[in-house]
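>
Residue numbers (this note's numbering), protein chains in the order written: chain A, -18 to 406; chain B, -18 to 406.
Listed below in structure tokens is the structure:
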């Protein structure tokens, strides 16, 4: 069968063993193709009723009593569901605060533990706010550290040699996104972690674009620290509480800079002298946002049910398929591939670059009569990110999105739109 | 009429101009008297549908597009509703993170601005986690600061003289809870702020037990900084996003230690060099927990509708009434008043002390057949806190709670229960 035909996409969907998971998500707009699960995952069908239960029964009926009936341990309950998805033990993970606050806490703790070492290494492809947090820490520690950003030569990824060069022999901390937000370039977690350790550096992974989209094995890679959000491929909802991971043997050596109630040894003794809790709980701070925290639970169940290896297999089939369609339909229209060609170097989204990327994205989300609304996202300066969430995206969606991209550029339909300062969606 | 009679309580309720607000809260358990709104406010009737709208429509239908249709400015939207309740301008308040994280950010910023001054003053009645955060900062700044805790002589409050003594001439920051969590002792915000300024110290108020229960005027008191939670008298839901206040003229002088995306000048430029946003937004960090943040909106509407002066008037009538009942019914049974006698020194809860406080609380929440469930909370070592939320608590509830307390002690019903390590509820 012609792999560039619609029939091929339909056949792929028909034989997709994970296809039934699509029905476990709510899609309210019939005419929609959602390819932005790498920014905000769709709403699991089970979530509204579950959240309403938390609101009406736990808050409304249980009131303060719910703290002793599920709330105190909800961060741990969510951690238990997340741990197998990232290859960690359940007492190495906790759900708390935002990704930035977690990065701040762990990077601070690492710099303290590594006192005397003055290098901090990241890369220029990292999510800017991760860089901001590190810049803030450099200032906090009295500008004694140097923040070095490993460089990219192709705009897509960073080589091991370049990391090796930047690490040198004074690095306290190597902090990288496992899957890069623009290009979906994916580091070899094991090799990079090993390289960091060879240089005496601690390794901190930001898993925001990786968790739920690629199988992760923090333990097998001997990773020291990790953080990540839960609202992308984990489908925990807008701004859902983030997570952090600290390898078991490091927990007692590290200290959170924010000495909060929930990280205290015996919070209800109301002792006036802080003593950190044992284990991972010491990285908690204040009272968790229960509604946002609880919403993660039904979402994580779906990923565990589907299995990360199955999801990865489907994701690779779909991103490879998208790249095949790109070559056939879009490369002739001036698009370039902004993601790695090699599947083992790629997460679950694909970036297509085009000088008119912003206006093309505008056209995708503003269809003409009879067309579908297609939601990608745009990233400066010329990236159209197409996120494939294997838990719910179909082959036919990928096919139709490519057809629409081709149509928009062929007919210069993007010329109907203006370049604005704000983000597209 | 006999003010100690049930009929008096009923008459008070009948003439209460705020009585209709009780119907704007959900009470699922008919037999319940909830006197713990100072820990977790009740569920506003409007909240479940509103939260469900955020889940099903904003997340489920709008998906990523909702960021440009309300989510980016939700923290500001909530701040606009909160500002009048605490006497601040709307561009001086923002809803973000937890109370502990906000205290950390603002106290850190204040200590940096006040570099050279080495004193930090709080009091021994402050909520322990506020003390923990300050202890953590002392360590972070290299143990160059001294944390001094003003002492109480009566276990209830702290005198201005004692604060004056502790402030001395080296204090960088005075950090106090405006209403003390155990006793409900309330500082004179204007006088204390003035005292701090006379000593060259910055003033940071924790309004967690004050916001929504007493009228506040941060501007008129010339307060520098404030933080607080939104899940107590503000009824924002369990772990609802906290707030922070920075006086307008200080905003550009202070810098958050956590350099996150939402506090950056132009987040969507994805610039690799952090530049703080203008104004109060610079104290934001990561992506806000949208469900928990949104739940605050309908709750704040109720408080604005009722008006803080009306609420304070009812609150004082009710706490005075409770203290009258205490003298008549409970003092003879061995209870002592753990809150200020003077109404102008008191927030909206009343602490009753008894050597068997823990087991009495257990008995209150575990009624015999035909009795009501009464929810207070217990605070070490011997405090029964009775929180009066004037927005929904009735006089008859206060009356019945006192009768039940009397019955439990008279009949030693608390002897059916064991003292345990965990919190009562």
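For glycine and all other residues, C-beta sits at the position ideal for the given N, C-alpha and C. All figures in this text were calculated on a predicted structure; none of them were measured in a lab.
Throw me the rounded Cβ distance for the residue 195(B) and residue 329(B) pair, which I believe falls under 8 Å.
Rounded, the Cβ-Cβ distance is 7 Å, consistent with contact.
> Ignore the nearest five residues each way along the sequence and tell me which others in residue 358(B)'s own chain have a CB closer than 6 Å to its CB.
For residue 358(B), where only same-chain residues beyond five positions count, the Cβ hits under 6 Å are 17, 20 and 366.
> Mind listing, in chain order, the continuous alpha helix (DSSP H) runs of no fewer than 4 residues lying wholly within the segment 50 to 125 of chain B?
Taking only runs of at least 4 residues, the alpha helix (DSSP H) segments lying wholly in the segment 50 to 125 of chain B are 55 to 67, 80 to 94 and 109 to 121.
> Checking contacts by CB at 8 Å: is residue 23(A) closer than that to chain B?
True, the Cβ-Cβ gap to chain B drops below 8 Å.
> Can you confirm whether residue 7(B), when its beta carbon is compared against all beta carbons of chain A, has any partner nearer than 8 Å?
Judged by the 8 Å Cβ criterion, residue 7(B) is in contact with chain A.
> Look up residue 25(A) in the DSSP assignment and say whether it is helix, strand or coil.
It is a strand residue.
> Who are the near neighbours of residue 242(A) in its chain, counting only those whose CB is closer than 6 Å to its CB and skipping five residues on each side?
The residues are 248.
> If distances are taken between C-alpha atoms only, which option among 55(A), 272(A) and 235(A) comes closest to residue 256(A)?
Closest by alpha carbon: 235(A).
> Determine whether the beta carbon atoms of residue 76(A) and residue 56(A) lie at a separation below 8 Å.
Their beta carbons are under 8 Å apart, which means residue 76(A) touches residue 56(A) by this criterion.
> Whole beta strand (DSSP E) runs in the segment 127 to 184 of chain A with 3 or more residues, listed along the chain?
Here the runs fully enclosed are 127 to 131 and 152 to 158.
> By the three-class DSSP mapping on this structure, what secondary structure does residue 330(A) have?
Residue 330(A) falls in the strand class under three-state DSSP.
> Could you spell out where the beta strand (DSSP E) holding residue 227(A) opens and where it closes?
Residue 227(A) -> beta strand (DSSP E) spans 224 to 227.
> Just how far apart, CA to CA, sit residue 270(A) and residue 164(A)?
Going by the C-alpha atoms only, they are around 32 Å apart.
> Considering only C-alpha positions, which residue in the set 63(A), 341(A) and 9(A) is nearest to residue 199(A)?
For residue 199(A), the nearest C-alpha among the options comes from 63(A).
> Excluding the 5 residues preceding and the 5 following residue 15(B) in the sequence, name in chain order all residues of the same chain whose CB lies nearer than 7 Å to its CB.
The answer, listed in chain order, is 23 and 356.
> Report the residue from 303(B), 310(B) and 360(B) whose alpha carbon sits nearest the alpha carbon of residue 390(B).
Taking only the C-alpha atoms, the option nearest residue 390(B) is 310(B).
> Looking at residue 228(A): is its Cβ nearer than 8 Å to the Cβ of residue 244(A)?
Their beta carbons are not under 8 Å apart, which means residue 228(A) does not touch residue 244(A) by this criterion.
> State the Cα-Cα distance for the pair residue 265(B) and residue 159(A), rounded to the nearest angstrom.
Whole-angstrom Cα-Cα distance: 25 Å.
> How about residue 87(A) and residue 104(A): do their beta carbons lie closer than 8 Å?
Cβ atoms of residue 87(A) and residue 104(A): not closer than 8 Å.
> Based on Cα-Cα distance, which residue from 42(A), -5(A) and -1(A) lies nearest to residue 7(B)?
The residue with the shortest Cα to Cα distance from residue 7(B) is 42(A).
> Verify the CB distance criterion: does residue 356(B) have a CB-CB separation below 8 Å to chain A?
Chain A contact via Cβ: present.
> From residue 73(A) to residue 205(A), what distance separates their C-alpha atoms?
Each residue's Cα considered, the two are about 10 Å apart.
> If you follow the beta strand (DSSP E) that residue 358(A) is in, where does it begin and where does it stop?
Counting along the chain, the beta strand (DSSP E) containing residue 358(A) begins and ends at 358 to 360.
> Can you give me the start and stop residues for the beta strand (DSSP E) that residue 206(A) sits inside?
First-last of the beta strand (DSSP E) with residue 206(A): 206 to 209.
> So which residues on chain A does residue 404(B) lean against when the C-beta distance must stay under 8 Å?
In chain order: 48, 49 and 249.
> Would residue 121(B) pass as an interface residue toward chain A - the criterion being a Cβ-Cβ separation below 8 Å?
Yes, because at least one Cβ of chain A sits closer than 8 Å to the Cβ of residue 121(B).
> Please report the Cβ distance between residue -14(B) and residue 80(B), rounded to the nearest whole angstrom; I am assuming they are in contact, meaning their Cβ atoms lie under 8 Å.
Between residue 80(B) and residue -14(B) the Cβ distance is about 41 Å, and since that is not below 8 Å, they are no contact.
> If the cut is a Cβ gap below 9 Å, which residues of chain A does residue 409(B) touch?
Residue 409(B) lies beyond the range of chain B shown here (-18 to 406); nothing can be said about it.
> If you follow the alpha helix (DSSP H) that residue 306(B) is in, where does it begin and where does it stop?
Taken as a continuous stretch (DSSP letters only), the alpha helix (DSSP H) holding residue 306(B) covers 289 to 306.
> Can residue 379(A) and residue 13(A) be called in contact, C-beta distance under 8 Å?
Contact flag unset, no.
> Decide if residue 327(A) is buried, meaning its Cβ has at least 16 other Cβ atoms within 10 Å, or exposed.
Residue 327(A) should be labelled buried.
> Measure the Cβ-Cβ separation of residue 102(A) and residue 141(A) and say whether it is below 8 Å.
No, the Cβ-Cβ distance between residue 102(A) and residue 141(A) is not below 8 Å.
> Between residue 219(B) and residue 226(B), is the Cβ-Cβ spacing less than 8 Å?
Not closer than 8 Å, so no.
> Looking at the strands, I want to know which residues DSSP matches up with residue 186(A).
DSSP output for residue 186(A) lists 157(A) and 207(A) as bridge partner(s).
> By the DSSP assignment, the alpha helix (DSSP H) with residue 377(B) in it spans what residues?
Taken as a continuous stretch (DSSP letters only), the alpha helix (DSSP H) holding residue 377(B) covers 376 to 391.
> Which residue's Cα is closest to the Cα of residue 395(A): 381(A), 361(A) and 349(A)?
For residue 395(A), the nearest C-alpha among the options comes from 349(A).
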